[in-house]
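A short worksheet on the structure shown next.
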Amino acid sequence: MANKAPRERWRYIAFTIEEGGPFARHDFLDSFLKATKGAPVHDAFRITVFEGDFGIIKVRHMVKDDAIRALSSLESVKGTPCKILTLKTSGTIKTLKDKYKSRISDKGPEYG
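If you want the working numbering, it's the 1-based position in the sequence shown plus 949.
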């Protein structure tokens, strides 16, 4: 029997913007992309949920720690100083959506 190729494993990181927010999704994305340029996480994430001052990003399991460091080190979004705190990391998005459902709106597939 042939060996199966290993499946890519993902981690989901919930975070909150404690100071400076709320921000538009595209403003946060632009700032995060600039902050991660040249880092392993730069092309290895997706913003799965973003609510202005709360979000969940999806990253490959091998760059989880890099993503957490990048989130924690982000000091401004569109020139506005901010402070980001990571809340919880999970192997499934369902766990985080259940835990933080009061912070997530029902706006359709963009948020799911």
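Even for Gly, the Cβ is constructed at its ideal location relative to N, Cα and C. Every value quoted in this text rests on a predicted model; they were computed, and no experiment measured them.
Cβ-based neighbour list, residue i, same chain, cut-off 6 Å, excluding 5 preceding and 5 following
| i | result |
| --- | --- |
| residue 999 | 974 |
| residue 995 | 1007 |
| residue 980 | 1026 |
| residue 1023 | 984, 1033 |
| residue 991 | 985 |
Residue i (DSSP reduced to helix, strand or coil)
| i | result |
| --- | --- |
| residue 995 | strand |
| residue 1048 | helix |
| residue 1021 | helix |
Assigned exposure category for residue i - 16 Cβ within 10 Å defines buried
| i | result |
| --- | --- |
| residue 960 | buried |
| residue 1013 | buried |
| residue 1028 | exposed |
| residue 982 | exposed |
Sequence-distant residues of its chain with Cβ nearer than 7 Å to residue i (five each side left out)
| i | result |
| --- | --- |
| residue 1040 | 960 |
| residue 957 | 1009 |
DSSP bridge partner residues for residue i (one or two, in chain order)
| i | result |
| --- | --- |
| residue 960 | 1008 |
For residue j and residue i, believed in contact at Cβ under 8 Å, the rounded distance
| i | j | result |
| --- | --- | --- |
| residue 1017 | residue 1035 | 5 Å |
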